[in-house]
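Working notes for the structure below.
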């Protein structure tokens, strides 16, 4: 069905095996095929934007989940037809000078997808692969994710095809300042509140916020992920990884299982992977893998706190490769990435729980079957849509507990919402207070998704439960506002 998929694996640390095109065979294996009504909506999306495969994939998954809802509530069909079209798409040029004095020009984007339940909220991504399709996919997912948190946040996403890797701090600063010179007129604390994403960390947020403050002549919580010294929230860096594990904990508990003594595979070695690993250790689990674009490490003795601290220093300070871990710790092995492998060996490691935290479509059907054959109990997405539709079908049809990213990785945006609340209050909560609120939000998201799936006749299907629960809140708001 789709011609191609975003292929970020050289930079994000997973096998390229999952970067193959999604085929019509994949779509035929999905759990709840679209009826004619939903197929018309989907066909209209493709006809309107035929060259946006990532967006098509995200829309298809949601539409399939919503079939029983629209059958029960046909009055919500206009909501669906409206939701698949962004409220506003902003594209602009970003000129900036490098250290040699050469002028460079990149593209900037902001997708303001849906504001029915609150101001647009979603991250900024700086990566060469960024285009409108990828950002629309991310913004569409963000709408449902933000709805699930229970906080008053709409959905959006933005970014640029600028690559911060290899750039000096001065070059990154000049780019961020130029980017904000256009973006600032389209955002605001009650309009659109961006945050970080791939390629946009604390350094970039600081440069962006400083330029916004200068242009708007006010100090306001227009960005989240800020430093603690200028309006940031405690636990924000940890939030996505912590929230992922909190959700997985709740999911495991429904089957009388826990992280205590469980072996866990984690892909990636960035922010989400690092703090997911930390929280798994807190709950008594044994993380055994991490990865980056060079390959993956497997540590049979487990990645303990000392080793995790070493990885954090390697990645956050020294900007090194995960292969160095195997040189440091003799209990581990390193498997290098191949240009076109049949599958990513990381997912053939025998574990109880898998947490894909690298990037989208990193687990395909074949790799999902590896995990099933090794009797994995649960898979929870830390990245955005890291499992292909085929992989999701493999998990669900084999009774593997599966948590979709829009539910399980919502901890990051939830804590961004808590940062917005603290900015509005002009008051900072303690680390313990924020962590407790995050934990409760993830418990509530799990409960909502599980109960909704049960109500619509799909028990244990968190994909359907999350999509439907997120949709119903937005549908009610959009209907009340006259669908405008």
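Residue numbers (UniProt numbering): 1 to 484. Cβ atoms here follow ideal geometry from the backbone N, Cα and C, with glycine treated the same way.
If you look at residue 240, you'll find it in the alpha helix (DSSP H) that goes 239 to 253. For residue 228, DSSP assigns no beta-bridge partner whatsoever. Contact between residue 404 and residue 463 holds: CB atoms are separated by about 5 Å, below the 8 Å threshold. Using a Cβ distance threshold of 9 Å, residue 260 and residue 285 count as a contacting pair. Excluding the 5 residues flanking it on each side, residue 305 has same chain C-beta neighbours closer than 7 Å at 281, in chain order.
About 6 Å separates the CB atoms of residue 145 and residue 413; that is less than 8 Å, so the two are in contact. DSSP places residue 40 in the uninterrupted alpha helix (DSSP H) bounded by 36 to 48. Among the bridge pairs identified by DSSP, residue 427 is matched with none.
For a cut-off of 8 Å, the C-beta gap from residue 225 to residue 232 is around 7 Å, short enough to register as a contact. Look at residue 219 here: in three-state DSSP terms it is coil, with no helix or strand label. Distances from the alpha-carbon of residue 177 to those of 190, 155, 208 put 208 closest. Under a 10 Å Cβ-count criterion, residue 358 is classified as buried, with 16 or more other Cβ atoms of the shown protein chains found around its own Cβ.
Here residue 407 is actually not in contact with residue 475; their C-beta atoms are around 18 Å apart, not less than 8 Å.
Residue range 462 to 480 is occupied by the alpha helix (DSSP H) that includes residue 479.
Here residue 185 is exposed: its Cβ has fewer than 16 other Cβ atoms, across all protein chains shown, within 10 Å.
According to the DSSP assignment, residue 91 belongs to the beta strand (DSSP E) that extends over 88 to 97. Straight-line spacing of the CA atoms in residue 152 and residue 120 works out to 10 Å. By the beta-carbon neighbour count (other beta carbons within 10 angstroms, threshold 16), residue 79 is buried.
Counting only runs of 4 or more residues that sit fully inside the region 96 to 168, the alpha helix (DSSP H) segments are 132 to 149, in chain order. Put simply, the region 112 to 128 touches the region 183 to 198. At least three CB pairs are less than 8 Å apart. Between the region 429 to 442 and the region 245 to 254, the count of C-beta pairs closer than 8 Å reaches three or more; the two stretches touch.
When DSSP states are grouped into helix, strand and coil, residue 233 belongs to the coil group.
In the structure shown, the three-state DSSP call for residue 298 is strand.
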